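Residue numbers (the numbering used here): 11 to 179.
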């Protein structure tokens with residue numbers, strides 16, 4: 011699944027995160043930490059149901075560039091003023107990925123054959139066939155199918171754009 015209530019493991023127990031200050035930058039870090047790409051969305055007010063047990067974190071404030079929640083500004087473990095009705099959630103669904111229209115100006119020179127698709131549809135990118143999750147053939151989701159990207163004019167700039175879309179920095 012690509013979405014749900016966020017729970018963290020600390021000091022031998024699982025617990026939830028309070029949604030105070032919870033936003034899409036925090037969701038981006040959670041999705042990255044879980045190895046998921048897509049369009050990160052923060053959800054609050056126990057959107058995915060109330061947890062049980064301790065509320066372990068509160069006032070989480072990530073910039074969006076961190077590799078894990080542990081690197082974000084936050085309350086001390088267990089210090090919170092919340093009830094489970096405020097449990098934080100995230101959606102990392104790759105099929106609600108970035109609107110490729112937003113990236114068209116960045117991709118124009120490197121994805122010229124895909125510009126029409128880029129400006130006309132929502133989609134996401136992925137890497138396929140690599141030896142690790144951080145390498146592989148670039149594929150774009152469009153009209154319900156995954157397709158490859160032509161390498162004509164492909165440069166490091168295109169690779170950088172794709173890497174950023176996938177959450178690599």
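Just so you know, even glycine gets a beta-carbon here, dropped at the ideal spot from N, CA and C.
This structure is a prediction, so every number in the text was calculated from the model and none was measured.
query, result
"Supposed contact pair residue 66 and residue 18 - C-beta distance, whole angstroms, cut 8 Å", "6 Å"
"Residues that DSSP places opposite residue 28 in a beta bridge", "97"
"Residue 53 - DSSP class collapsed to helix/strand/coil", "strand"
"Beta-carbon proximity check, residue 96 vs residue 29, cutoff 7 Å", "yes"
"Span of the alpha helix (DSSP H), counted from its first residue to its last, around residue 141", "Where residue 141 is concerned, there is no enclosing alpha helix (DSSP H), given that its DSSP letter is neither H nor E."
"Cβ pair residue 103, residue 178 closer than 7 Å", "no"
"Beta-carbon proximity check, residue 16 vs residue 70, cutoff 7 Å", "no"
"Option in 22, 169, 137, 26 with minimal Cα separation from residue 58", "26"
"Distance between beta carbons of residue 157 and residue 149, contact taken as under 8 Å", "6 Å"
"Range covered by the beta strand (DSSP E) that runs through residue 159", "Per DSSP, residue 159 belongs to no beta strand (DSSP E) and is neither H nor E."
"Buried or exposed (CB count within 10 angstroms, at least 16 for buried), residue 143", "exposed"
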